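The structure appears right after this line, and notes come after that.
Number of protein chains: 2
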Amino acid sequence: MQSDIEIARDANIKPIVEVAAELGIEGEHLVPYGHSKAKLGMDYVASLADRTKGKLVLVTAMSPTPAGEGKTTVAIGLTDAMNQRGKRASVCLREPSLGPCFGLKGGAAGGGFAQVVPMEDINLHFTGDMHAIGAAHNLLAAMIDNYIHWSNEVRLDLRRVTWRRVVDMNDRQLRQIITGAGGPANGFPMEGGFDITVASEVMAIFCLARNLQDLQQRLGRILIGYTRDKEPVTAAQVQAPGAMTALLRDALAPNLVQTLENNPAFVHGGPFANIAHGCNSVIATETALRLSDYVVTEAGFGADLGAEKFFNIKCRKSGLAPDAVVIVATVRALKMHGGVARSALEAENLDALQTGLENLGRHIRNVGQYGVPMTVAINQFASDTAAEIKLVQDYVGERGLEAHLCNHHAQGGAGATDLADAVAQLADSGQSQFRTLYDDDMPLWGKARTVARQMYGADDLEADQKIRDQFELFEQQGYGHFPVCMAKTQYSFSTDPALMGAPSNHRVKVREVSLATGAEFLVVVCGDIMRMPGLPRVPAANNISVNARGQIEGLF
Amino acid sequence: MQSDIEIARDANIKPIVEVAAELGIEGEHLVPYGHSKAKLGMDYVASLADRTKGKLVLVTAMSPTPAGEGKTTVAIGLTDAMNQRGKRASVCLREPSLGPCFGLKGGAAGGGFAQVVPMEDINLHFTGDMHAIGAAHNLLAAMIDNYIHWSNEVRLDLRRVTWRRVVDMNDRQLRQIITGAGGPANGFPMEGGFDITVASEVMAIFCLARNLQDLQQRLGRILIGYTRDKEPVTAAQVQAPGAMTALLRDALAPNLVQTLENNPAFVHGGPFANIAHGCNSVIATETALRLSDYVVTEAGFGADLGAEKFFNIKCRKSGLAPDAVVIVATVRALKMHGGVARSALEAENLDALQTGLENLGRHIRNVGQYGVPMTVAINQFASDTAAEIKLVQDYVGERGLEAHLCNHHAQGGAGATDLADAVAQLADSGQSQFRTLYDDDMPLWGKARTVARQMYGADDLEADQKIRDQFELFEQQGYGHFPVCMAKTQYSFSTDPALMGAPSNHRVKVREVSLATGAEFLVVVCGDIMRMPGLPRVPAANNISVNARGQIEGLF
Chain V
77 MQSDIEIARD
87 ANIKPIVEVA
97 AELGIEGEHL
107 VPYGHSKAKL
117 GMDYVASLAD
127 RTKGKLVLVT
137 AMSPTPAGEG
147 KTTVAIGLTD
157 AMNQRGKRAS
167 VCLREPSLGP
177 CFGLKGGAAG
187 GGFAQVVPME
197 DINLHFTGDM
207 HAIGAAHNLL
217 AAMIDNYIHW
227 SNEVRLDLRR
237 VTWRRVVDMN
247 DRQLRQIITG
257 AGGPANGFPM
267 EGGFDITVAS
277 EVMAIFCLAR
287 NLQDLQQRLG
297 RILIGYTRDK
307 EPVTAAQVQA
317 PGAMTALLRD
327 ALAPNLVQTL
337 ENNPAFVHGG
347 PFANIAHGCN
357 SVIATETALR
367 LSDYVVTEAG
377 FGADLGAEKF
387 FNIKCRKSGL
397 APDAVVIVAT
407 VRALKMHGGV
417 ARSALEAENL
427 DALQTGLENL
437 GRHIRNVGQY
447 GVPMTVAINQ
457 FASDTAAEIK
467 LVQDYVGERG
477 LEAHLCNHHA
487 QGGAGATDLA
497 DAVAQLADSG
507 QSQFRTLYDD
517 DMPLWGKART
527 VARQMYGADD
537 LEADQKIRDQ
547 FELFEQQGYG
557 HFPVCMAKTQ
567 YSFSTDPALM
577 GAPSNHRVKV
587 REVSLATGAE
597 FLVVVCGDIM
607 RMPGLPRVPA
617 ANNISVNARG
627 QIEGLF
Chain R
77 MQSDIEIARD
87 ANIKPIVEVA
97 AELGIEGEHL
107 VPYGHSKAKL
117 GMDYVASLAD
127 RTKGKLVLVT
137 AMSPTPAGEG
147 KTTVAIGLTD
157 AMNQRGKRAS
167 VCLREPSLGP
177 CFGLKGGAAG
187 GGFAQVVPME
197 DINLHFTGDM
207 HAIGAAHNLL
217 AAMIDNYIHW
227 SNEVRLDLRR
237 VTWRRVVDMN
247 DRQLRQIITG
257 AGGPANGFPM
267 EGGFDITVAS
277 EVMAIFCLAR
287 NLQDLQQRLG
297 RILIGYTRDK
307 EPVTAAQVQA
317 PGAMTALLRD
327 ALAPNLVQTL
337 ENNPAFVHGG
347 PFANIAHGCN
357 SVIATETALR
367 LSDYVVTEAG
377 FGADLGAEKF
387 FNIKCRKSGL
397 APDAVVIVAT
407 VRALKMHGGV
417 ARSALEAENL
427 DALQTGLENL
437 GRHIRNVGQY
447 GVPMTVAINQ
457 FASDTAAEIK
467 LVQDYVGERG
477 LEAHLCNHHA
487 QGGAGATDLA
497 DAVAQLADSG
507 QSQFRTLYDD
517 DMPLWGKART
527 VARQMYGADD
537 LEADQKIRDQ
547 FELFEQQGYG
557 HFPVCMAKTQ
567 YSFSTDPALM
577 GAPSNHRVKV
587 REVSLATGAE
597 FLVVVCGDIM
607 RMPGLPRVPA
617 ANNISVNARG
627 QIEGLF
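Here the protein sequences come in this chain order: V and R. Position 373 of the first sequence, counted from 1, bears residue number 449 in our numbering, the numbering being contiguous throughout. Position 334 of the second sequence, counted from 1, bears residue number 410 in our numbering, the numbering being contiguous throughout.
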C-alpha cells in the first residue's frame, strides 16, 4: 500500500493559478507561494463582500479514539465527491502546526486518496502564517518585559503577567521556566513559559478577525496581566498591537491549495480545539462561501468540543450559519467506546459496537439542538464486517438519519458520492434553522453549565468558590456577554478521558478560567489541558531526512 | 525629503519574472513568493555549475560609528551604476533579521534611492528563511532535551549542554533562563537561554553550505555539549540533522529581488559578523556569479571584521576569489574617529578629519595584504565641505588609491558612476592575486594572533592559561585546521569600543573560545559580545501600525 507521502508525490498537482481560475479568480488577485500554493489578495477578498454565499457544511465527529476517525479525510473526500457530482464545492481546513510533525504523528493534511497538496509544504512552513503568529505573540512578550525593564509606569505586577511565549515545537523543557536571570541587564527574574503556537490567543484572534482593522483592535484588547492594584493591563497599554498587526498583515490573507482531485482547498488558521475554538479562519470560510456553491469545513475533536465551538463561537461571532452537518464515525472507534482494546479491533464484536454506539447517539442528539439538518458518515475500514456496518446504519436509522458508507481514503471522491448526494440534498433543503445553544445575555456561569449539561450530559457544573468568584468578577468587569470556550479532554463527554461511550451522572468541575479579551471568549478549563506537548521517546524526527533528489523522507 | 519607505512605495517594481528573465532565467525555474520575490529552483542552481563566473567585488568599510557609513547603500548604488554603464551586475546582500526592526533602527535593505525592494517584505518575513533557521535550531534543542528526558544513554552532562535556543526578536528577558521547572513531566531543570536567530550556528552553516547534502552533514557535526566524561556529543548523536535539513530544504534556495532600478539582488542568509562570518550565503554568491558579469557583495561591520572573515572564512571555504574591493568611508565617520562628537558633525573640522583618516589608512593597509586591487568610496553627505572631501582624496591618493565621491543615496546609480567605472576597471584588470591571511596548517592560536596583529594592529594576543589550554585541546581533538572567527567590538581596531582611530600598542585578550564544528571555525571571543539584543526604552515597535489601505506605517 502506498504511504500518504507517496500518494501525494504521485499527485497530478495543477498550477494553483488554474485551480484559482476554476473559482473565477484571475491571476492578478493571487499572491503565489511557489506554483501550487497562493494567498488571495486582501483587496480581492474585500471585493467579494456583496456576493451571494454558497451553502456551508460542517464535518464533525464522534468522540475521538486512538483508532482514528478521519474527520479531515471525510471533509476532503466529500468535497471531491461533490465536485464529481457536478457541484462546485470547496473545502476549508485548519492549517497544521509544524511541531507535532516531529513527534508522534505525521502531518495533518488528510490521508490516503483524500489529501490536500502539496502536503509537505502544508505540514511544514506552508505560507509562513504560523511563524508570523508566533513572531507577533513573542513581540508582545518582549514589549511587555521591555516595558517593565525600563519604566513600568502602570506598575504591572511581575507575579501577575499572564502573557507567556510561544514556539511551534514540541518542547516540554520550556513549559515552565524562570526568565530574566543574570543580573539587571537581563530584566527582572520572573516566572514564564512557552506554549505551542497554535495555543496562542493571537491564533484565536487571527481566526476570528474580519479584516486587518478588526485584527489590530482585537490585538490591542488582549489582557496581558494585572497591576499591583489588580487592574487589568492590555496589549494596547504597551503599544504593541500596531507592530503585531504589521507582522500578521500578509498572513491574514487566506491560503488556497488543492485536493488530490484538484478541487479548491482553503487551509488557513489552526487554533487549538480545547483552550481555543478549533476552526479555520473566518476570513477563509467567508471567502470560500463567496466563491463556491458548497463549502465543506471541519472543526477539531468530537462534536462536543469542535462543533459546539464552531456553532457557539465561530458562527455566533461571524454570523455564519451552517446548512448541514456531517457526523463522522468509524466501526473501530465505536467498538473502542464499547470497551474493545485497540489490539482487538480487527475482530467483529457486535455487542461492543452496540454499546459504543451510545457515543454516536449522544453526539446526534447534541447536534440536533442547533437546528441544522444532519447526516452520518461511516469512514470504512477493511476490517469492518457487513453485520457491523448494518448495525450502525440501523442505529442511525432509528434516529431518523442515514449513515453513508465512505471509502474516500482508498478511492478519493468516488468513495464518498452517496454522502455527497445526501449532503447536497440536505444543504439545499432550506431546512436549516441554525440557532446557538445560549444567548449572549446568559451569565457566564450559566453558559458553561448549559454546555456541560446539554453537550456533555453532565448533571451539573461545579467549581471552588475562588473560581466562582472569578466568574462573578468577569461579569462585573463587563465580559458577561462573551461566549465560553470549554477546555476539556476530547476522549470523553466527561472530564475523565477513560470514561468512554456516553457517560451520565457525572459532574464537570472547572479548574481554571481565563479571559481571552482579544478573541472575546472566556476559557473555562475542566481537567488537565496540555498547552505544550512533548516529544515521545522515539520522535518521528529521528527518521526524517532529505534524500539526494531533495525530497523529504520519513515525514509521514 | 522622502523617507525610505516612501521611496520604496513609489518604486516602479518589476515583476520578478522580468528581473529573472534579464538574467536569462526562465519562469519555470523560479519559485515565486508573491510577484516581486522569488527563490531559484535548486535543480536550476545546480545546473549552473559549469558556467563561467563573473567578477566578484567586495564592499567593505572603515570602522563603523553611530554616524553611519552606508556600506549596503554603496553596494546597491554601485550595482545600479554598473548597470547604467552597460555592465551586467548583480548585488548579493545578507537578509535582515526581523527582531531589530522593532528596536532602534529601521530596516536593513539599503536606504534613500539605493534600496532593494520590496523593502517591507525583505525586512519582515521575506521568504521565511529566518523562521526556517530558527525552527531547525530549536528542533535540535527540543531533541537534545527530549533525549535527556527519556534515556540520556550517552550520559550528556546537564551542566555542559552548550546548544541554546533562538528567537528572531530582541528579547533580553530570555538571555539567561532556567528551563524544565515544574516537576519530572517537564524535563530536568537546566540552565539555558535564547540568542537572536542570526547568531545561530545553523545560520552560519546555512551560509557556508554548498548544497543540501553538505548542509545535512554539517548539521550532524554540530557540537551540542559534553558527556559526564567530557567527551563531545554531536547533533547526529541525537538524530537531529535529517529533520533539521527537512526544515531548511526550501530556505536554502537563493532569493532574488531587485534594486529600485530593477537590477537583480540576491538577498540570502545573514549571520552575525562577530561570532559568525557576516556574509550572505555561498550558494547565493556562487549563483549570482554564474548569472552576471559582476557581482557586488558586502560583509558586516568594518574591514577588520567583515572583510577579514569574508576572505579568511567564506572565500577560503568556498574557493571564491574576489577581483576588487571597495572600502567605504564618510567624512562624518572619519571626523568621529578624529574625536568629534556626534552633535558637532555638521561643522567643518579638518584637524579632526586628518586624525580620523588614520582609521581609513589602517583599513587600506590591512586589505592590501589579501592581494586584491581596491578603491575607496566616499559616501557623501550634504554637510561635507569641499575642503574635507579634498583632504580625504589627497590622503587616499598618497596611498596610491583613488577615492570616489558617491551620491547614490540621493541619486541612485547615477550618483556612483565614477565608482562603477573604477571598480569595473579594477575587476577586469586581472591584477587580483587573492590570498588568505594564514594557511590552514597554522595552529589555532597562531591564526588568532595573526589576525590580532595584522588586522587589529595589536602588539599581541593574550589569554588566561585556561583559555590557552582550550586552544591546545582543540588542536589535539583535530580541529587545528579550522580558521578562526574573531568576535570583538566593531567600533575599534582594539577590544575597547571607545578607542577610535587607529590605536596601536594594544593587546587583544581572548575571553572565551567555542567550536562551531558544523560551520567549521573556532569562535574566538575578545570582549563583550551580545548574542541577544534588547529593545530600547522607546522601541520602534511602539510606532508601527497598519493603515486603512493595508500599508505598514512607521517601520522605517
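Backbone N, C-alpha and C define an ideal beta-carbon position, used for all residues, glycine too. Predicted, not measured: the structure shown is a model, and the values here were computed from it.
CB contact check: residue i to chain R, cutoff 9 Å
i, result
"S590(V)", "no"
"L180(V)", "no"
"P629(V)", "One detail in the question is off: residue 629(V) reads as Glu in this sequence, not Pro. So, interface residue."
"P172(V)", "no"
"T593(V)", "no"
"G346(V)", "no"
"L232(V)", "no"
"H557(V)", "no"
"A313(V)", "Per the sequence shown, residue 313(V) should be read as Gln rather than Ala. It does not: the Cβ of Q313(V) has no partner Cβ on chain R nearer than 9 Å."
"P317(V)", "yes"
Bridge partner(s) assigned by DSSP for residue i
i, result
"C168(R)", "F342(R), T373(R)"
"V243(V)", "I272(V)"
"S590(V)", "V599(V)"
"T136(V)", "I403(V)"
"A563(R)", "V601(R)"
"R671(V)", "Residue 671(V) lies beyond the range of chain V shown here (77 to 632); nothing can be said about it."
"Y109(V)", "Y109(R)"
Residue j beta carbon less than 9 Å from that of residue i
i, j, result
"I628(V)", "L200(V)", "yes"
"L116(R)", "V107(R)", "yes"
"R241(R)", "L234(R)", "no"
"L324(V)", "K564(V)", "no"
"T266(V)", "D221(V)", "The residue asked about is misnamed: residue 266(V) is Met in this sequence, not Thr. Yes, Cβ-Cβ distance for M266(V) and D221(V) is below 9 Å."
"A496(V)", "K147(V)", "no"
"M606(V)", "D247(V)", "no"
"I281(V)", "A595(V)", "yes"
"Y532(R)", "V584(R)", "yes"
"M320(R)", "L410(R)", "no"
Proximity test, Cβ basis, 9 Å: residue i and chain V
i, result
"M266(R)", "yes"
"Q334(R)", "no"
"V622(R)", "yes"
"M219(R)", "yes"
"Q160(R)", "no"
"N338(R)", "no"
"N214(R)", "yes"
"Q289(R)", "yes"
Contact set between the region 99–121 of chain R and chain V, restricted to residues whose Cβ is under 8 Å from the partner | Flagged, chain order: V107, P108, Y109, G110, H111, M118, D119.
Relative to chain R, which residues along the region 471–499 of chain V have a C-beta separation below 9 Å, given in chain order?
-> Along the region 471–499 of chain V, there is no position whose C-beta sits under 9 Å from a C-beta of chain R.
Listed in chain order, which residues of the region 237–248 of chain R have Cβ atoms closer than 9 Å to some Cβ of chain V?
-> Going along the region 237–248 of chain R in chain order, one finds R241, V243, D244, M245, N246, D247, R248 with a Cβ nearer than 9 Å to chain V.
Mind the definition here: the region 467–476 of chain V touches the region 336–354 of chain V only if three or more C-beta pairs lie below 8 Å; say whether that holds.
-> Flag = no, the region 467–476 of chain V and the region 336–354 of chain V do not touch.
Return the residues of the region 319–334 of chain V that lie within a Cβ-Cβ distance of less than 9 Å from chain R, sorted by chain order.
-> Cβ contacts with chain R: A319, M320, T321, A322, L323, L324, R325, D326, A327.
Please determine if the region 309–317 of chain V and the region 124–144 of chain V are in contact, where contact requires at least 3 C-beta pairs separated by less than 8 Å.
-> When Cβ pairs closer than 8 Å are counted between the two stretches, the region 309–317 of chain V is seen not to touch the region 124–144 of chain V, the count staying below three.
Along the region 536–563 of chain R, what residues have a CB closer than 8 Å to any CB found in chain V?
-> Contact residues of the region 536–563 of chain R toward chain V are absent (C-beta to C-beta distance below 8 Å).
Segment contact, 8 Å Cβ cut-off, at least three pairs: the region 444–453 of chain V with the region 392–409 of chain V | Yes, the region 444–453 of chain V touches the region 392–409 of chain V.
Identify each residue in the region 436–452 of chain V for which the Cβ-Cβ distance to at least one residue of chain R is less than 7 Å, and report them in chain order.
-> Considering only beta carbons, no part of the region 436–452 of chain V lies closer than 7 Å to chain R.
Inter-stretch contact at 8 Å, needing at least 3 Cβ pairs: the region 541–560 of chain R / the region 588–598 of chain R | As far as the Cβ criterion goes, the region 541–560 of chain R touches the region 588–598 of chain R, which means the pair count is three or higher.
Do the region 186–203 of chain R and the region 257–266 of chain R make contact, defined as three or more Cβ pairs closer than 8 Å?
-> The answer is no - the region 257–266 of chain R does not touch the region 186–203 of chain R, with fewer than three Cβ pairs under 8 Å.
Sufficient close CB pairs (3 or more, under 8 Å) joining the region 351–371 of chain R to the region 327–334 of chain R | The region 351–371 of chain R vs the region 327–334 of chain R: in contact.
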